[in-house]
Amino acid sequence: MVQYQIETILAILIALGMALNLTLLIPAAILALFKIDEADRYFGVGRLGGERLALKGLPFSLGRMAHYGLVLMLSNTKRMRKRYGHELDQIEASKPPTRLIQLLVWLYGSWFLIGIGITALGGIFLILRQ
């Protein structure tokens, strides 16, 4: 009985998370098409740029915007500073607009992290079902 309640709660959380992620995906996909050039100009430096900048379609631009958002969101951690330290210094020197930073962190970073959370909850749900 308790396992049934846990499974029900997990299923509801997964459904709500998927609805939230879909709600974030629609504006993220639309904005990625229009903001990718500006984001690439400020954030496409070093390992964050390269030949990937030539790919402009929706899945490529959405993926790059999510990557930029995650790097910015986690930029104060030791691991990110170690991996992208030089690139983060170049980004700070170019002084990107605050609105663009907020867009990348709040929309694209959170969209990606919610997707990871839903995947983890789905894995827990499948383990409990067995």
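Using my numbering, read the sequence shown as starting at 241 and increasing by one per residue. Just so you know, even glycine gets a beta-carbon here, dropped at the ideal spot from N, CA and C.
If you count every other CB in all the chains shown that lies within 10 Å of the CB of Ser301, and 16 or more means buried, which is it?
-> buried
Quick one: residues in its chain with C-beta nearer than 7 Å to the C-beta of Gln243, no 5 flanking neighbours on either side, listed in chain order?
-> Leu368
Does the beta-carbon of Gly349 have 16 or more other beta-carbons within 10 angstroms, so that it is buried, or is it exposed?
-> buried
Same chain, Cβ closer than 8 Å to Phe365, five either side skipped, listed in chain order = Closer than 8 Å at the Cβ level, and outside the excluded window around Phe365, lie Glu247, Leu250, Ala251 and Ile254.
Check the C-beta distance from Leu199 over to Phe352 and give it rounded, since I have them as a contact under 8 Å.
-> The structure shown has nothing for residue 199, since the chain only spans 241 to 370.
Going by C-alpha distance, which of Leu347, Ile358 and His326 is nearest Arg304?
-> Sorting Leu347, Ile358 and His326 by C-alpha distance to the C-alpha of Arg304 places Leu347 at the top.
Looking at the unbroken alpha helix (DSSP H) that takes in Gln342, where does it start and where does it end?
-> Gln342 -> alpha helix (DSSP H) spans Thr338 to Leu343.
Could you work out which residue in Val285, Thr263, Ala272 and Leu260 is closest to Leu328 when comparing CA atoms only?
-> When each option's Cα is compared against that of Leu328, the closest is Val285.
N-terminal and C-terminal residue of the alpha helix (DSSP H) that Val186 is part of | A question about residue 186 goes unanswered here, because the residues of the chain that appear run from 241 up to 370.
Secondary structure of Leu415, DSSP reduced to three states = For the chain, the structure presents residues 241 to 370; residue 415 sits outside this window and is missing.
Using a Cβ-Cβ cut-off of 8 Å (strictly less than) and excluding sequence neighbours within five positions of Leu273, which residues of its own chain qualify?
-> Leu298 and Ser301
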